[in-house]
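Remarks on the structure that follows.
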Amino acid sequence: MPYVYYPGCSLESSAKCYDRSTRWVFHRLGQELLELEDWNCCGATMYMSIKETISLVFSARNLALAEKMKADVVAPCSSCYTILNKTNHVLEENFILREKVNQSLKKVGLRYNLTTKVRHPLDVLVNDIGVKAIMAKSDFKLAGLKIAPYYGCQIVRPDGFFDDRENPTTMDRLFEALGGEIVDFSMKVRCCGGMLMTTFQDVALKLNMEILEAAGENGADCVITTCPLCQINLDAYQDKINKKFKTKLKIPILFFTQLLAYTMGASKKDAGFDQNLVPVGERILGGVA
Amino acid sequence: MALNSSKEPGILDKKESELREAFLYQVSNIPGGEKIKKCIQCGTCTGSCPVSYTMDIPPREVIALFRAGDIESILASRTIWTCASCYACTVRCPSGIKVTDILYALKRMAMDKNLFPKRFPVFVLSKSFVTMANLFGRSYEIGLLLAYYLRTNPLKLLGMLPLGYRLWRKGRIGLLPKRVKQRKELAKILREAEIMEMIVPVKSGLGRTSGTH
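Quick mapping for you: the protein sequence lines, in order, are chains A and B. For the first sequence, the numbering used here gives the first residue as 275, with consecutive numbering after it. For the second sequence, the numbering used here gives the first residue as 132, with consecutive numbering after it.
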């Protein structure tokens with residue numbers, strides 16, 4: 275069954291390694307990802323904060339284009355995933371907004387009939403393709419690697435379509451099956467602050483410090499995440515956090531697909547390890563043990 | 132602010148009643164928005180919020196103030212701007228109130244009515260984001276950050292240069308914007324959407340305009 279791939283803007287720039295590793299993993303599993311032709315930005319939380327109808331139209335253009343392809347959309351960025359799902363939800367419940375959106379799309383001959391399902395690759399990989407199929411392609415070189423699975427906010431909240439909202443375990447189960455050791459991680463769904471890193475940096479630095487400390491205290495060799503914004507906050511600002519809070523954190527922050535690709539035989543380049551700022555060190559590359 | 136002793140009880144001044152009308156319309160657009168009436172003031176939202184300590188009016192009080200008829204104070208607060216949209220309050224609320232969506236609605240109202248300090252960071256960032264998205268159809272990270280720092284605090288841009296350089300070395304900054312191909316079509320859709328945005332039902336109330344619930 276093919277999937278419609280909606281990379282989203284971040285995966286074209288700051289999170290290229292997420293894009294590269296996601297495509298690689300799906301390809302290795304023999305799953306087709308058809309990139310949505312001429313997709314546009316989902317609008318993110320920021321468009322939603324300015325104009326409601328227009329932000330819904332922005333997001334719905336993608337859903338209308340995908341509808342023609344009659345397959346589930348796979349959206350790796352947590353923000354895209356939430357916004358596209360939220361658009362579906364709002365349009366289902368509110369016929370006035372639905373009509374407003376379709377009236378706008380009609381200008382270019384588009385119409386959205388609310389049939390596009392939006393999924394996260396983590397959901398598709400574990401629940402459609404299955405842990406067994408992934409294990410069959412894995413070389414288990416993660417054995418003994420201590421992993422802190424960080425889910426963040428927007429793939430489990432507000433709706434939590436495929437996992438628990440307070441204690442999600444999809445990544446835990448997947449990586450445990452691949453030989454990894456999942457550390458206790460009380461911050462797995464705590465917010466990283468998102469765009470507050472740009473607007474109110476002091477607030478965001480504290481949030482990220484708490485997340486990293488919790489991972490470090492439990493001996494994590496790395497943190498894995500599903501969200502471009504969480505990844506860049508935790509990875510790129512680790513130096514600043516160390517300076518501000520006098521900590522000595524040095525924890526690689528990987529997209530979960532990077533680690534997945536690596537254990538399925540991808541080269542360092544295909545796994546996108548060359549793009550992580552906190553270097554992916556020997557603990558991960560050295561076959562661990 | 133809205134509590135004016137010279138007025139009869141229960142009568143709101145004009146500005147407050149206009150704000151209230153606009154707010155109720157916004158809330159009626161949120162699926163399940165009418166549940167705001169069921170707040171039991173338990174404080175679970177405030178307790179779950181990772182940034183409530185930075186807010187002058189925490190989420191629980193936002194709802195209390197709305198009920199007390201003082202939306203103006205909420206709009207003037209830091210609260211709606213420091214919400215990071217993590218939805219922790221929303222999923223834990225025992226009354227099913229969509230707290231995050233309500234804060235979005237308030238944020239839109241504050242921006243609409245220019246109720247925030249000049250060159251306020253969140254507003255500038257969102258506005259710059261929307262400008263880029265409308266122009267290219269996709270977000271343009273480096274352009275967004277440049278526009279943001281130039282309009283808020285250009286000096287901070289200097290402080291960001293070392294990190295920017297490291298990201299660029301790693302191939303994580305796209306210098307040129309990516310664009311959608313059908314930009315003209317997208318512009319057409321957005322022009323119509325702008326008209327649609329302005330159409331507001333004449334009289335609105337909780338749960339009245341959204342039909343299906």
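Ideal Cβ placement from N, Cα and C applies to all residues, glycine included.
Option in the options with minimal Cα separation from residue i
i	options	result
A:T356	A:V457, A:Q377, A:A345 and A:C427	A:C427
B:C176	B:M186, B:P162, B:R191 and B:D187	B:R191
A:D495	A:I324, A:G454 and A:T444	A:G454
A:C465	A:L503, A:T473 and A:L416	A:L503
B:A219	B:F197, B:D232 and B:Q313	B:D232
A:Q532	A:S378, A:L285 and A:Y292	A:Y292
A:K480	A:I506, A:V457, A:R447 and A:N516	A:N516
B:M329	A:S378, A:F459, A:N314 and A:F300	A:S378
A:Q512	B:M327, B:P181 and B:L294	B:L294
A:G493	A:V457, A:M461, A:P526 and A:N368	A:V457
A:L448	A:G434, A:M483, A:V398 and A:T473	A:V398
Min CB distance residue i to chain A below 8 Å
i	result
B:L150	no
B:P252	yes
B:K169	no
B:H344	The predicted position of B:H344 is uncertain, since its pLDDT is 38 and thus under 50; no value can be drawn from it.
B:N160	yes
B:M240	no
B:Y156	no
B:E328	yes
B:K277	Note that residue 277 of chain B corresponds to Leu in the displayed sequence, not to Lys. It does not: the Cβ of B:L277 has no partner Cβ on chain A nearer than 8 Å.
B:L246	no
B:K166	no
B:T175	no
Contact test: residue i Cβ vs the ligand ZN heavy atom, cutoff 7 Å
i	result
A:Q377	For the ligand ZN, the structure offers nothing, since it holds no ligand at all.
Helix, strand or coil at residue i according to DSSP, with G and I counted as helix
i	result
A:R335	helix
A:F459	coil
B:V311	coil
A:C496	strand
B:V255	helix
B:G342	Only weak support exists for where B:G342 lies, its pLDDT of 38 falling under 50; the value from the coordinates is given anyway. Of the three classes helix, strand and coil, the one that applies to B:G342 here is coil, per DSSP.
A:A422	strand
A:F436	coil
A:L523	coil
B:R209	coil
B:L79	In the structure as shown, chain B begins at 132 and stops at 344. Residue 79 of chain B is therefore absent and cannot be evaluated.
B:F247	coil
A:E309	strand
A:F529	strand
A:V347	strand
B:S335	Note that B:S335 has pLDDT 49, beneath the 50 cutoff, so the model's placement of it is unreliable and no number is given.
A:V554	coil
B:K158	According to the sequence shown, residue 158 of chain B is Val rather than Lys. B:V158 falls in the helix class under three-state DSSP.
A:R393	strand
A:V278	strand
Minimum Cβ-Cβ distance from residue i to chain B less than 8 Å
i	result
A:H394	no
A:I328	yes
A:S333	no
A:E487	no
A:T473	yes
A:G358	Note on identity: in this sequence residue 358 of chain A is Leu, with Gly being the wrong assignment. For A:L358, the answer is no, since every Cβ of chain B falls outside 8 Å of its Cβ.
A:K374	yes
A:A563	Any reading at A:A563 is ruled out, since the residue's pLDDT is 42, under 50, leaving its predicted position unreliable.
A:R439	yes
A:V347	no
A:F381	As written in the sequence, residue 381 of chain A is Lys, which differs from the Phe given in the question. So yes, A:K381 belongs to the interface.
A:V554	no
Chain-ordered chain A contacts of residue i [CB-CB under 7 Å]
i	result
B:V182	V477
9 Å Cβ cut-off: residues of chain B touching residue i
i	result
A:A510	L294, R297, L298 and R303
A:Q377	E323, A324, I326 and M327
A:L523	Per Cβ cutoff of 9 Å: no residues; A:L523 is ~16 Å from chain B at best.
A:L481	P181, V182 and A215
A:N362	In chain order: nothing, as chain B lies at least about 11 Å away.
Within chain A, partners of residue i - CB distance below 8 Å
i	result
B:S257	M320, Y321, S323 and I324
Interface residues of chain B facing residue i [CB-CB closer than 7 Å]
i	result
A:L371	N160
#### Entry: Contact residues within the region 313–326 of chain B, judged by C-beta distance below 7 Å to chain A
So the list reads Q313, E316, L317, K319, I320, L321, E323, A324 and E325, given in the order they occur along the chain.
### Task
Could you name the residues of the region 279–310 of chain B whose beta carbon sits closer than 8 Å to any beta carbon of chain A, in the order they occur along the chain?
Considering only beta carbons, the part of the region 279–310 of chain B lying closer than 8 Å to chain A consists of Y279, L294, R297, L298, K301, G302, R303, I304, G305 and K309, in chain order.
### Message
Give me the subset of the region 261–272 of chain B whose CB atoms are less than 7 Å from a CB atom of chain A, sorted by chain position.
### Response
Result list: V261, A264, G268, R269, S270 and E272.
### Message
Give me the subset of the region 196–221 of chain B whose CB atoms are less than 8 Å from a CB atom of chain A, sorted by chain position.
### Response
Within the region 196–221 of chain B, the residues whose Cβ lies closer than 8 Å to any Cβ of chain A are, in chain order, W212, T213, A215, S216, C217, Y218, A219 and T221.
### Task
Could you list the residues in the region 297–323 of chain A with a C-beta less than 8 Å from some C-beta on chain B, going in chain order?
If the cut-off is 8 Å between Cβ atoms, the region 297–323 of chain A has D312, W313, N314, C315, G317, A318, T319, M320, Y321, M322 and S323 near chain B.
### Near-chain B residues of the region 443–471 of chain A - C-beta to any C-beta below 9 Å
Answer set for the region 443–471 of chain A: V463, R464, C465, C466, G467, G468, M469 and L470.
### Task
Could you please tell me which residues of the region 525–550 of chain A, in chain order, have their CB closer than 9 Å to any CB of chain B?
Cβ contacts with chain B come from D548, Q549 and N550.
#### Entry: Residues within the region 276–293 of chain A neighbouring chain B, beta-carbon criterion of under 7 Å
Closer than 7 Å at the C-beta level to chain B, one finds these residues of the region 276–293 of chain A: C283, E286, S287, S288 and K290.
### Query
Along the region 420–436 of chain A, what residues have a CB closer than 9 Å to any CB found in chain B?
Residues G426, C427, Q428, V430, R431, P432, D433 and G434.
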